[in-house]
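Undergrad: Structure below; questions to follow.
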Amino acid sequence: MVTQRIQALKKGDTIGLTAPAGPVNKERLEKAISKIIEMGFNVEVGETCNEKYGGYLAGRPEQRANELNSMFANQGISAIFCLRGGYGSLHLLPLLDYEAITNNPKLFVGYSDITALHVAFQQKCDLPTIHGPMPASDLVDADNFTIHSLISILTNYPFKGKVENPENSPICTLVPGTAKGMIIGGNLSVIVSTLGTPYEIETKGKILFLEDIGEEPYRIDRMLTQLVLAGKFSDAVGIVLGTWTECTSERYADGFQVEDLFKKIIAPIGKPTIFNVKAGHCKPTLTLPLGLSAYIDAENGRLLIG
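Put into structure tokens, the structure is as follows:
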């Protein structure tokens, strides 16, 4: 199994820093590098971290893909951190060397737009990945909970145990019941964008995790409904709902809110479902391993990995 060949991170190991999606300014990059060093690791900074293309991309697609391929092949790199999300990870999917990635498995960390890579690596390489905070967008000003959650997963991989929310923030039940399966998923809008492509998410027998940011309820309604029509919820054995930051509407202030949509669209499917898992675009945020076996005890608000 690929999981057994992924080495846990140790202090002093080298982290490859790459930008598969959006760019950052020099000041933010320097802070991100300093934070990784402060955490006890060395850093190899990819050229894409200093690139900007078209305003919202960190280099041309070929450059970003080649750098990611090279970092997987580089035996001196123990883990790969995505600098930030944004837009553009989808561009890389047909350009990646999945055979080489399969043969050189290592810890891969990111979220949001990076969801496209999580799904592709899990389905084409059988590579588990890490849905976790990114250096430029999160780690530069992260709280202790966020840092501890990330490091505990990376240094104790493959992680086995209970997924813990921050204190005084319980995981809630939407649909009671228990389910066991590989946990997959990530950002809702990115997952929907893969439908109808060779990189479409496969949920049969799996636990589906979803989160998003900056999407009004009517847009979330449309995307959740699309997943229903595509059979993604009915194929799944359970559902984990993360954070939905800034997903409200001033135009429809008296209309459906996100939790209403969960009750209206997801609950009737009848799969064990939990919500308010603090993973996604939130502070503090927990680190969630993907592509590993997981267990939901929805009635008691519990999520176990391994």
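1 is the number of the first residue of the sequence shown in full-length UniProt numbering; add one for each residue after it. C-beta: ideal position from N, C-alpha, C; glycine also.
#1: How should GLU215 be labelled, buried or exposed, when 16 other C-beta atoms within 10 angstroms of its C-beta is the threshold for buried?
#2: So the beta strand (DSSP E) VAL175 belongs to, where does it begin and stop?
#3: How about the segment 249-267 and the segment 216-231: do they share at least three Cβ pairs that are nearer than 8 Å?
#4: So the beta strand (DSSP E) TYR281 belongs to, where does it begin and stop?
#5: Quick check: what's the CA-CA separation for VAL119 versus ILE151?
#6: Does the segment 172-183 come into contact with the segment 231-250, if we say contact requires no fewer than three beta-carbon pairs (one atom in each stretch) closer than 8 Å?
#7: Mapping the DSSP letters down to three states, classify ALA298 as helix, strand or coil.
#8: Using 9 Å as the threshold, is the C-beta distance between HIS131 and LEU288 below it?
#9: Identify, in the order they occur along the chain, each residue of the same chain with its Cβ nearer than 6 Å to the Cβ of PHE145, setting aside the five sequence neighbours on each side.
#10: Return the first residue and the last residue of the alpha helix (DSSP H) that GLU27 is part of.
#11: Between which two residues does the beta strand (DSSP E) harbouring LEU107 extend?
#12: Distance check for GLN122 and ASN69, CA to CA, integer angstroms please.
#13: Roughly how many angstroms lie between the CA atoms of SER234 and ILE220, to the nearest whole one?
#14: From GLU47 to GLY196, what distance separates their C-alpha atoms?
#15: DSSP three-state call for THR155: helix, strand or coil?
#16: Go through its chain and collect everything with a Cβ distance to PRO128's Cβ below 6 Å, but skip five positions before and after it.
#17: Here's a check: name, in chain order, each residue in its chain whose Cβ is nearer than 6 Å to the Cβ of VAL140, leaving out the five neighbours to either side.
#18: Look at THR203 and LYS180 and say whether their C-beta atoms are less than 9 Å apart.
#19: Hey, could you find the ends of the alpha helix (DSSP H) VAL258 is sitting in?
#20: Alpha helix (DSSP H) containing MET223: first to last residue?
#21: Out of ALA19, ALA65 and GLN75, which has the shortest C-alpha to C-alpha gap to LYS52?
#22: Would LEU188 and GLU211 qualify as a contact pair, given that the criterion is a beta-carbon distance under 9 Å?
#23: Taking the CB atoms as reference points, tell me whether TYR56 and GLY86 lie closer together than 9 Å.
#24: Run through the segment 119-155 for me and flag every whole beta strand (DSSP E) of 3 or more residues, listed as ranges in chain order.
#25: Out of THR155, LEU154 and SER149, point me to the one whose CA is closest to GLU164's CA.
TA: In brief:
#1: It is buried - the Cβ of GLU215 has at least 16 other Cβ atoms within 10 Å.
#2: Residues 172-175.
#3: The segment 216-231 and the segment 249-267 touch, with three or more beta-carbon pairs separated by less than 8 Å.
#4: Looking at the sequence shown, residue 281 is not Tyr but His. Element bounds for HIS281: n/a, residue is neither H nor E.
#5: If you draw a straight line from the Cα of VAL119 to the Cα of ILE151, it is about 22 Å long.
#6: Of all C-beta pairs linking the segment 172-183 to the segment 231-250, three or more are shorter than 8 Å, placing the two stretches in contact.
#7: Here DSSP, grouped into helix, strand and coil, assigns ALA298 to helix.
#8: It is a contact, given that the beta carbons lie within the stated cut-off.
#9: If we look at PHE145 and ignore the five residues flanking it on each side, its Cβ neighbours are PRO166 and PRO284.
#10: Per DSSP, GLU27 belongs to the alpha helix (DSSP H) from 26-38.
#11: Residues 107-110.
#12: Cα-Cα distance, rounded: 16 Å.
#13: In this structure, the CA atom of SER234 is about 18 Å from the CA atom of ILE220.
#14: When the Cα atoms are used, GLU47 and GLY196 turn out to be separated by approximately 32 Å.
#15: Annotated three-state conformation of THR155 is helix, per DSSP.
#16: Excluding residues up to 5 positions away in sequence, THR3, GLY291 and LEU292 lie with their Cβ nearer than 6 Å to the Cβ of PRO128 in the same chain.
#17: The answer, listed in chain order, is LYS31, ALA32 and LYS35.
#18: No. Outside cutoff.
#19: Run containing VAL258: 258-261, per the alpha helix (DSSP H) assignment.
#20: Per DSSP, the unbroken alpha helix (DSSP H) holding MET223 starts and ends at 217-229.
#21: Comparing Cα-Cα distances from LYS52 to each of ALA19, ALA65 and GLN75, the minimum goes to ALA19.
#22: Going by C-beta atoms, LEU188 is nearer than 9 Å to GLU211.
#23: At a Cβ-Cβ threshold of 9 Å, TYR56 and GLY86 count as neighbours.
#24: Those beta strand (DSSP E) runs which fall completely within the segment 119-155 and span 3+ residues are 129-131.
#25: Cα-wise, what sits closest to GLU164 is SER149.
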